Amino acid sequence: MSAHQTSDVMHSDNPVAEGHHPSESQYIVIAAILAVLTAIEVALSYLKVGGSQGITNGALLVLAAIKFTMVAMFFMHLRFDKPVVRRLFVGGLVLAICVYIAYLLTLGVFVK
Amino acid sequence: MATVLEPTTTDTDDVTPAAEPLLVRRPRSSTGFWSWFTTIDHKRIGVLYGITSFAFFLIGGFEALLIRLQLAQPNGRILSADAYNQVFTMHGTTMIFLVVMPLSAAFFNFIMPIQIGARDVAFPRLNAFSYWTFLLGALFINSSFIFGGAPNGGWFGYAPNTSITFSPGHNIDYWVFGLLFLGISSTVGAVNFITTILNLRAPGMTMFRMPAFTWMTLVSAFLLLFALPVITVALFLLMFDRLFGANFFNVAAGGNPLLWQHLFWLFGHPEVYILILPAMGIVSEVLPVFARKPLFGYPVVIVSGIAIGFMGWGVWVHHMFATGLGPVAISAFSISTMLIAVPTGVKIFNWIATMWGGSIRFRTAMLFAMGFVAMFTIGGLSGVTHAVSPHDRQQTDTYYVVAHFHYVLFGGALFGIMSGIYYWYPKVFGRMLDEKLGKAHFWTWLIGFNLTFGPMHFVGLAGMPRRIYTYSDGMGWNVYNMIETVGAFVIAFSVIIFLVNVYRTHRGPLGAPADPWDARTLEWSIQSPVPPYNFAEVPTVQSLDDWWHRKYTEDDRGRLVKLPEQPEPEALVDPSSVHMPSPSFFPLVASLGLPVIGYGMIYRAWFVAIIGAVITLSGLYAWAMEPSTEPHDEHDGGHGGHASPEPSAPEAPALAAAAPEGGDADG
Amino acid sequence: MRLPPRKGVTPMADITAVPGGVATDHGHAHGTNTGMSNEKVAMWAFLGSECLLFGALISTYLLYRGKSVSGPTPHKIYDIPYTSVSSFVLLMSSLTMVLALAAIQRGDSRRLRVWLLATALLGATFISGQVYEFTSFIREGLTIKTNLFGSSFFVLTGFHGVHVTLGIVMLLSLWNLSLRGKLPQEKAEVVEIAGLYWHFVDVVWIVIFTVVYLIPTK
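Line order of the protein sequences matches chains A, B and C.
Under this note's numbering, the first residue of the first sequence carries the number 89, and numbering increases by one thereafter.
Under this note's numbering, the first residue of the second sequence carries the number 176, and numbering increases by one thereafter.
Under this note's numbering, the first residue of the third sequence carries the number 10, and numbering increases by one thereafter.
Below is the structure:
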């Protein structure tokens, strides 16, 4: 059994002492949520939300972003680590999103 | 793991057993010829980078002279069109990837750790791996000259021109794999430098007490970290097209040539800031020392450097103004390109203000730094004209562009690097370069440079295209080209002066003082050349330019007053009392697999490629299993051949002999 | 501003060399300016750069989506239920990875090895699934040469697969190290750093699965 504190991971604003970890059962809960989100995604891909593929796509991207964030924050411990590493990673991520969307726009992707 | 070749050991008295050696015992020595192959000392690696890249500077310069000989007159017959394509491609590729970037790396390696008070970089073996990968990548790409022809698609390799249809033969394959290897070298170097700067600063050295050169190292490292993956992907896409029939740049299958240009320039533009920021950092160090004034507006200079790093990601399309992307894209990037002139200009003003009212000593290092400010400004001005996209339509693909980038890269980066060489030479080699020869070098270099590249502005506006192997008579270009060729030989002459200076300097004795220039930053508080452990006592820093403030204070009228108790440069200590990481074979082993992979892939000898991968992976694995410091090496200080059974203090003469270790660095 | 002279500064413990270990322990982390170990900072920096790498590959896929002039197209060839199961497997491997880390952090080497092996197995299952998917696509007429879709799909997912495979090698090495008694609790950070790489590879797949498989090509 985990010897770590079982403070509610979701609402913990207990910063940064590297010793803070979610408990095993909390990890399993997060994994279950991820599984459910994936199932929702797959279901959505067979439907069209509100009859629009655009809205469905938007919903799929949002769900993917939520899963991404949860893995990064909790499994990768970014929520509890020092800000410097979060900035390193998020910096690269945001840069990638910006420049790649920018060049795709110049080549006519995403625009009618 | 079973040990296969366990030799009879001479240190049976050792207390702690070492990690099991893999096949041979781990190297211990940090002296002698072979120790250069296993060194993980940032200073030695810096020297290796410096010497190797200077050698490639001579090669790239020779390629330039061939270009200039060919273009000196119309209808030149020195080089065929195909030979010319190889020479100008390799000239560009060499100067960018094998000269300016590794020369900057030489400075990052040697100088940055001692500027922040560290003993080495965060990952010394990774550092060695960076160097070996660079060297092997450089040799690999140049080996193409003897294996059927060098890369000939320009340093920018536009696809589909570089696809297998239009570039049959292996020239481009060497370019692709060579650059991939060089990219690995620089990427891991970037990770190393970022970690070092973030983590290993001396106590009290907050980020805004770091020297300007260290800051520019950090910004350049971030640019490398984020830009190299983009060209890595572009190169892989091209490789898959060429080797495996993929369709990324196959227009008939719907492929888009602009994909290459976007990916390449998304890398290529940050790359030019990678090329210039280190030199800007050097200039920011040199000007204050030789003007005896602090860097004017240090925070602004730093923030401008950071701003250039950020904004550099938003301008790449200005390399594509003539590709028909449409008015919206073109206007947006025109504006962003004009904006990036702002932080650049701010730095120029700060450098001028640093010199203004200073008490200037016109040493060679200072001359090159001042030359940087002037020449880079000219290059920046032509750059601003490029930002205006209608104007750029006329300039694109003409010699006007060639003028621009040579003014910023040669007039900027190379002048800055030369300044750094003269400035830090005593620290690295324990000897001062001769000032008379240095000045002769500077003036011939300056004159030769302007003779070569100045006329290119005019001949470019007169319509001479770039990347042509010859031109007809009667275009009005002849005189310009002849002057440019003469200029190139003046540059060559000035380089000879420099080489003579180096040769004479190394024939002379050691004996440079620790602080010959009365400088400002931490590296001048330790011996010249630098002892293996850098700092005997890791300093505690209390301000920017901490070393300066230990020497001087100011009176009520703001005048400099020398402090009565002058700090001594650190006395040498027993190196065996300082824990240093141990040398290692494995960075070299891991690197050696890479060119094997390259040759295997190029010639479709898949088994050879697999062997290369096995060599690299084994090297990496063994490296991971090996501790960074061997326990029984701790008291060796990494010095001298074999470990003595007990940690004993070497006698003073041995210490004195140990001290010039760095001075042998050129051996 | 008068400053005291330099003499009398107490020597600091060396903070670059880590005697005797592959891993860095928390003690080492406390010697750094950021408070995080060199290895951790380095891994996060590397992962930041990997975002640029995978972003370029994904953007290439997006650029060429729907532009193939001939050959099989995504909706004809994808088997979404199959890939969903595969994605679920990889997602769960992140759970087992973090459980492995929790185990070594509390000193439970046996559980560490169990979870490490489970992660490697789940990863290998994912890779087998990919291999099967690739071979069935090839049988149905989609190769890297066929069209834009084939090229961009195989290169993107292939790069990802290579990353997963290298991750599996790392996990098995750690498992082996633990078996030989060389991965004690003090070296938990090694597992953490391997875990960061593994989770990143999972997170990239989260994006790929959504963008490449689930969002349809018109």
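Note that the Cβ used here is the ideal one computed from N, Cα and C, for glycine as well.
Keep in mind it's a predicted model, so treat the numbers as computed, not measured.
Residue environment analysis places E801 of chain B among the buried positions, since at least 16 neighbouring C-beta atoms fall within 10 angstroms of its C-beta.
For G142 of chain A, the nearest beta carbon of chain C is not closer than 8 Å to its own beta carbon. By the Cβ neighbour-count rule, I128 of chain A is exposed, with fewer than 16 other Cβ atoms within 10 Å of its own.
Closest by C-alpha distance to H217 of chain B, out of B:T696, B:H266, B:F282, is B:F282. Pairing I289 of chain B with N709 of chain B gives a Cβ-Cβ distance under 8 Å. Along the region 138-168 of chain C, going in chain order, the ones with a CB nearer than 7 Å to a CB of chain B are I153, K154, N156, L157, S160, V164.
Annotation: K196 of chain C is outside any beta strand (DSSP E) and is labelled neither H nor E by DSSP. At a Cβ-Cβ threshold of 8 Å, L354 of chain B and L301 of chain B do not count as neighbours.
At a cut-off of 8 Å between beta-carbon atoms, I116 of chain A makes contact with chain C.
When Cβ-Cβ separations below 8 Å define contact, L434 of chain B makes contact with chain C. Considering only beta carbons, the part of the region 478-493 of chain B lying closer than 7 Å to chain A consists of W488, V492, in chain order.
Along the region 37-107 of chain C, the alpha helix (DSSP H) occurs as fully enclosed runs of 4 or more residues at 47-73, 83-86, listed in sequence order. Under the three-state reduction of DSSP output, V705 of chain B falls in the coil class, being neither helix nor strand. The beta carbon of Y574 of chain B is closer than 7 Å to those of M631, V634, G635, M639, R641 in its chain, skipping five residues each way along the sequence.
Within the region 689-761 of chain B, complete beta strand (DSSP E) segments of at least 3 residues are found at 727-729, 735-737, given in chain order. The alpha-carbon separation between S459 of chain B and R467 of chain B amounts to approximately 13 Å. Pairing V94 of chain C with A293 of chain B, the inter-Cα distance amounts to about 50 Å. Against chain C, the CB of S133 of chain A has a partner CB under 8 Å away; the residue lies at that interface.
Under the three-state reduction of DSSP output, P225 of chain C falls in the coil class, being neither helix nor strand. The region 241-250 of chain B and the region 196-215 of chain B do not touch, with fewer than 3 CB-CB distances between them shorter than 8 Å. Inter-residue distance for T128 of chain C and S360 of chain B is about 31 Å (C-alpha atoms, whole angstroms). In terms of Cβ geometry, T43 of chain C and K170 of chain A form a close pair [threshold 8 Å]. Annotation: P432 of chain B to F423 of chain B spans about 8 Å, alpha carbon to alpha carbon. Taking C-beta atoms under 8 Å as the contact rule, L685 of chain B and W722 of chain B fail to qualify, at a distance of about 22 Å. The continuous alpha helix (DSSP H) containing Y598 of chain B extends over residues 590-604.
Rounded to the nearest angstrom, the gap between the Cα atoms of G312 of chain B and S305 of chain B is 10 Å. For D567 of chain B, the uninterrupted alpha helix (DSSP H) run begins and ends at 564-570, by DSSP. By the criterion of a C-beta distance shorter than 6 Å, H208 of chain C is surrounded in its chain by S103, once the five residues flanking it on both sides are discounted. For S140 of chain A, no alpha helix (DSSP H) segment is defined, and its DSSP state is neither H nor E. In the structure shown, P378 of chain B falls within a coil segment according to DSSP collapsed to helix, strand and coil.
Non-local beta-carbon contacts of L412 of chain B in its own chain, meaning distances under 6 Å to residues more than five positions away in sequence, involve F423 in chain order. Cα atoms of V461 of chain B and A544 of chain B: separation of roughly 7 Å, rounded to the nearest angstrom. Among the residues of chain B, none has a CB under 9 Å from the CB of V182 of chain A; the nearest is roughly 11 Å distant. When DSSP states are grouped into helix, strand and coil, T213 of chain B belongs to the helix group.
Looking at the DSSP output, T573 of chain B shares a beta bridge with B:P640.
For K611 of chain B, the closest C-alpha among the options B:E659, B:T539, B:A765, B:A588 is that of B:T539.
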